[in-house]
Structures are given as C-alpha cells and as structure tokens.
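In terms of the UniProt record's numbering, the sequence shown opens at residue 1 and continues consecutively. Quick reminder that beta carbons are idealized off the backbone N, C-alpha and C, glycines included.
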Amino acid sequence: MLSDELKKQIQLAYRASLDAKSHKPRAGQRQMIGAIARTLGNIKQGSEGERLDEKHVAVIEAGTGTGKTLSYCLAAIPIAKARGLKLIISTATVALQEQILHKELPDLLEHTELSFKYTLAKGRGRYLCLNNLEGFLSTEEQAMDDMFAGLFEQHLHSDDVNTVLYQEMDAAIEKGEWDGDKDNWAGIIRDQDWRRLTTDHQQCTNRNCANYSVCPFFKARAEIETADVIVANHDLVLADLSLGGGAILTPPKETIYVFDEGHHLPDKAIGHFRHEVRLQQSITWLRQLEKNLVNLKQELTDDVSLTGQLLLKIPQQIQSIVNFIQYAQQGLAPYIQGLGLDQENNQHRFEFGLVPDELRQLAYSLQTSYQKLFNNIESIQDECKKTKQNEGMGVTSETAETWQPILGVILGRLEQCVGLWRLYSTVDDQNYPPNARWLVLSGQGMEQDIELGGSPILAANTLRQQLWDKCFGAVVTSATLTALNQFHRFNMRSGVPKESEYLRVVSPFDFQNNGLLVVPDMEHEPNRVEQHTAEIISYLDEHVSTDKGSLVLFSSRRQMEEVAKSLTAGLQEILLMQGEQSKRVILDSHRARIDEGKGSLLLGLASFAEGVDLPGNYLTCVYIAKIPFAVPDDPVEATLAEWIQKRGGNPFMEITIPDASLRLVQATGRLLRSEKDTGEIHILDKRLKTKRYGSQLINSLPPYRYQ
C-alpha cells in the first residue's frame, strides 16, 4: 500500500509547485497523480525487491493542458526513490525531452522539497568516438579506411573527410570546451561527417579501448549509475530491451518507466524488428568482405591460431551463402515475371505473410549459414579483445585494435541478414498475428535488384515479453491514446496487461467557446483528386486571412505542392511550405512574421500535425484537407487488415477508422495550446457529413462548437 508518508510527500510537493507558479489545482491533474500513485505505490515487493503484483501499469490519456508532465513526475519520483528503483522518463520527441530536462525537473527541485538527481541518456550514436576521431586525423588510418571501401554503407573516400572540422573537434576536446556530445557542438555538423565519428555496441571495444577512461559515451553512462531519474527516448529504451535490458540503461526489473507521447511506442517497437535485405547487394558485399578478410589473414602472426583456423573456414562459408542467394534469385525471377512487376508497380506483398515453400527452405539455409559466419566473425573479434588483454593468439595488439571496430561493423550487417532470413524461414504461430513479408523490385537494367522485407504486424507480443512482463512498473501517457473514445486500438498494438489501470483525463480547455469546428459543404470527395484540389484552392483563397497565423495540413505532398503554386498572389507572399527549409527554420520564420504583426500561412504534412506548438496568435486557424486515412499500400498495415478479416473482423472499422480518428484528434489539437487560445478548424472533407463513420470521427474530437 502507498504509505501515508509518501502520500504526504506527494501532496506537499504538488502544493508547493502550484504556489510557486500561482496556479490553482486542476481536477484532471489530481486525478492523474492519484492514479499513478495508486498503481505504483500498491505494487507488492518480494524479499529480493522483485515485483509480485500484475497490476503494475497505468495507461492514462491526458488531454492538452492537463499538466501531465508535472503529474507523473510528482507521483513517480518519490515512489521510485522510496523503493530504491530508477525512474526512466521516455519521450518520442526532442522538444519534450528538452522541456522535461530544462524546465520541469529543475522547477521541481527549486520549488519543492523533493530531492533527486537526474540525467539525460542517449545512444552511442550521439557521442563522439575518440578512436574514430584520432583515426581520421591520421593519414595512415584514412588509407586503411579506403581499403575497406564497400563494407561500409556510408563510405566516404579519404578526400571527402572533413579534416578541418575534425581538427576543431579535437582541439575543443583537448581544451575541455566540448564534451563529445553532438547536441552540444556549437556549429553545424553534416550527417556524413558525424557518421564517421560514431560507433555502436558491435564496434565499441568498451574497457579494452585506450580511450575508455575519457570516452564521452561512458562518462555519460557513469551519470546514469548515480541518477535517480533518467530522461531517454523510446528508441533508446527499445534498443536496450532488444539487447536484453540493462545493456544501456538500468535492468527493467529495477526500473519504473514513464512513456510520455506513449502512442508512438508500438510503431517504434515494430520499427526495431523490421528487416530489409537486397539480394545482389548482399552478394557484392560478401565478396568485398572475403577480400578484406584475406588482408587480416596476411597480418596473422600464427596461421594455426584459432583466428587463423576460423579465417580458413570463412571463404567457403561465404561461397555457400552466395550460392543460396543465387538460387533464391533464380527461383524468384520467373515468380516476379509472373507477378508483372515493373518500375511503376514494383512491390508484392505475400498474402498472410506466407512465402513459397522453396523460398522458405532457402531462407532456413541462409539463416543457418549467415549465423555460422556471424559466430566465426564474433569469435575472431573475441580473439582481438583477448589479445589486448595479452590472452589472445595469432594477432598483434596493433592489428587487434585496427580490426576490432571493423569486425563490429561487419557483425552489425550480418545481424540484420540473420534477422531477415530467420523471419522468412519461420512458420508463424497461428495463435499470434502473422509477420508481414514482401518483395520490392529496385533499380533497372544491370542495376536491378530484389529486396526482401519482413516485419511483425503488431508489437504487442514483443512488448509484453520484453517490457511489461519484466519491468517493475510503468506509466503510459499521451494526449491521444484512445481512438473513437476507446483504448482498444492502443491495447491491441501495445500488448499492455489487461489488468492495467486506465484513466481518461479531460482537458481543462473550453473547447465549446474557444474553438469552432467547420465542415463546409464541399462538392467533391477527396478521391476525385483534381476537383477536390481545385475546391481546396478556392476555399483557401476565400477564407485564409493574410494578417493571421494559419496552418493547412495535407495527406499528400503532390496535393500540397499543387495547392501552393495555385493560391492567389496575396497568399503566396505569406506562404511557408514544408520541405523548402528545415521544420525548425520554417516554424521560426512563421513566429517571426506573427511577432512583426504580419500574416503567415503554413502548409505541412503529417509531421506538422503532431508536436507543433503554436499558442496564441501564432495559430488561429487550422485547415485539414481531408480525413487522414493511412496509405493503403503499406505491407505491414495491409497484412494486419488481412489477419483481422480472416478472424471475422472488419479492418475498415477496426483499423482504418480508429487510426484516422487518432490522427484527426492530433491534427485538430494544433489549434488550442493554452486555456486562452481561440480559433477555428476547417475540415475540407464532405465524408464527415455523408458517410456513416463521419459522425463517429466528429464525436471522437474534443467538444468544439460545430458548424
């Protein structure tokens, strides 16, 4: 049970936080604090501190303006500390992460009696690898890098190396002016320049690295050990869980997680288990690998060492894999021809994820062969590690230091191949949703290649096994967790325990008086693209004010561009369109225009329908071109629809409409960002009035005044 002492601590902290900002208590905020405190505070622990209860997850939809960040911090931090657990707050966007780090947590420390340490956790990819930096400042290393051209997907020739930037970074590190964190570098870093300086868990030599004691990543990791609260993102948490948990962050059983922007979690999880491999590209890469490993063999000091024996086996293993891939190419060629695939119609989805038996059998052989190759390369890497500890044989310490990170890159690539072929060789369990599998014909002529792809259609089972079953406790929250006013969609995709605590906290905003929802009498449905686009242009020309802040949201880039070039000259003067500059620059330009008393018209796609915060006069009118239905040709969503239909369900009502509902709530949510905001939302889609599902979609929106 939640102790009286903890209750009092949370209550006092809440009161102090409100007093510091001269705020009044909000009913929804108190509801949320209470639900989280009950869920986490009532979890029973065993003698070893392990969780004994099953009701350990709270799923809370908190409308905009609820103050959900303060709510979960106030409830979860004291409970985690009292139980000797870490609290990981995970977000989907950098903007929210920065808000938590630079505003919410510092405010709590300043204005309440709560005492805790916090830090930001990032993946290795955000930190400089000192070994790589030193390497690219060495002409010898640059020559070595060129020797491995072809093994690295993002390879750059030595004359492309940004030596001036790397020298500046080296000097800043030496002077203590920079900590090796990409986000803390004052200047602009091109992606291709940064990629050369980073590493991953396969390439990193950890304690065997000469720079381990001063490594930016491991110095940041040390802060995690002493912090009570760790701010991370969904990708990093999922990467840690895919490594078994506790590899990057703290072990799940010792952790309470808060997933803010939690509606992103299922899709992020699916992305971590999606695999795509091109067949001819794989052959080319394997041939390159074979050539490079010959160079390693020439550097051996003892041919009969374990490394030498392993290297003797590899050419035959590679040839075996190449043979199997060529068999697959030969078998798929007439199959693809029979499908009539070409440059325009280049994708085929295997129905219910079922691939031809011959391909499945080949996939099993490829998975087995790739796994053997992976194991041998991993053993060679282990020998390199041992050499640096004076325990390995066959390679010098200098050779080991050069090869270990290279072998790490190779292992990462092989890991992806093993994952794809395992997915293709597996017969799906009929008790669970199938995996989606598809092929894509890429390139043309001599450059033509076959790409095979595969992915789970739902992350529910994976999240259940790796996260919900293992963690001590968790809170999932977002402004949009329900679809059509129910949690069913999120439950199906996330696999949260059925026993979870569910709560919907209504936004304190006065939607009825402050927001007007307009669904005009359009003549054409969106499927008549040309006529509908012409209507949108005419409607915007008539209704958009040239001295206010407006946003138009599209589902199609082509339609957005067509509208942009056809608007009146007056609107074109204030137009800012997604894609012309970075999102941040566009939004900054928009705000600057409004600050100067001018008008500004934003045109954007899906990424502008979420996470864009333009309060007050920055945005007083939102136009939505059409109901944001998902793109129908996505193989993962199509396989999910197929599976639901096979089980007697209605994919349109169970997937398409709930997904559209959630996106529509997010899109309309761009308008009112504070309790004082006012404005209008115009949805230019007649189906909201003419189709049976239209009223469902409107009823799932906040209670705007409807016209």
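Item	Value
Indicate whether at least one CB of chain B lies closer than 8 Å to the CB of G340.	The chain inventory of the structure shown lacks chain B, comprising one protein chain alone.
Report buried or exposed for M147, applying the criterion of at least 16 other Cβ atoms within 10 angstroms of its Cβ.	With a pLDDT of 49 at M147, under the threshold of 50, the modelled position of this residue cannot be trusted; read the value that follows with caution. It counts as exposed.
Is there contact here, the segment 498-515 with the segment 21-39, by at least three beta-carbon pairs under 8 Å?	yes
Hey, how far is the Cα of G495 from the Cα of D267?	12 Å
Assuming G679 and L688 make a contact with CB atoms under 8 Å, what is their CB distance in whole Å?	Not quite, the Cβ-Cβ distance comes to about 19 Å (not below 8 Å), so this is no contact.
Starting from A20, follow the beta strand (DSSP E) in both directions and report where the run begins and ends.	Taken as a continuous stretch (DSSP letters only), A20 belongs to no beta strand (DSSP E), being part of the alpha helix (DSSP H) at D4 to K21.
Give a yes or no on contact between the segment 82-100 and the segment 225-243, applying the rule of three or more CB pairs nearer than 8 Å.	yes
The beta strand (DSSP E) that contains R278, what's its start and end?	H275 to R278
Taking the alpha helix (DSSP H) that C621 belongs to, which residues open and close that run?	Element bounds for C621: not the alpha helix (DSSP H) but the beta strand (DSSP E), C621 to I624.
Along the alpha helix (DSSP H) that carries V418, what are the first and last residues, could you check?	S397 to S425
For G63 versus V506, is the C-beta spacing smaller than 8 Å?	yes
Can you give the Cα-Cα distance for L373 and M653, rounded to whole angstroms?	46 Å
Rounded to whole angstroms, how far is the Cβ of P520 from the Cβ of K626, which I believe are closer than 8 Å?	12 Å between Cβ atoms; not a contact.
With a threshold of 8 Å, are at least 3 pairs of Cβ atoms found where one atom belongs to the segment 660-677 and the other to the segment 599-618?	yes
Whole-angstrom Cβ separation of I536 and L441, contact assumed at under 8 Å?	Not quite, the Cβ-Cβ distance comes to about 35 Å (not below 8 Å), so this is no contact.
Do the CB positions of F259 and A80 come within less than 8 Å of each other?	no
Relative to the C-alpha of L265, which residue among Q309, T91, L619 and L553 is closest?	T91
Contact between the segment 477-492 and the segment 660-667 is defined here as three or more beta-carbon pairs at a separation below 8 Å; is this criterion met?	yes
According to the neighbour-count rule (16 or more other Cβ atoms, all chains shown, within 10 Å of its Cβ), is D541 buried or exposed?	exposed
For H524, which of helix, strand or coil comes out of DSSP?	coil
Excluding sequence positions up to five away, which residues of its chain have a Cβ less than 8 Å from the Cβ of L236?	S90, A121, K122, G123, I248 and L249
Give, in chain order, every unbroken run of the alpha helix (DSSP H) that is at least 4 residues long and sits entirely within the segment 49-136.	68-82, 94-99, 105-111 and 130-136
Tell me the DSSP secondary structure of G454 in three-state form.	strand
Report the option in I43, H532, Q29 and V418 whose CA atom is closest to the CA atom of S3.	I43
For Q347 versus W438, is the C-beta spacing smaller than 8 Å?	yes
Using a Cβ-Cβ cutoff of less than 6 Å, which residues in the same chain neighbour S478 once the five nearest sequence positions on both sides are dropped?	E261, G262 and H263
Cα-Cα, which of L366, R493 and C209 is closest to L463?	R493
Would you kindly report the start and end of the unbroken beta strand (DSSP E) that includes M577?	L575 to M577
Along the chain, where does the beta strand (DSSP E) that runs through W468 open and close?	Run containing W468: none; DSSP gives neither H nor E here.
Reducing DSSP to helix, strand and coil, say where Y618 ends up.	helix
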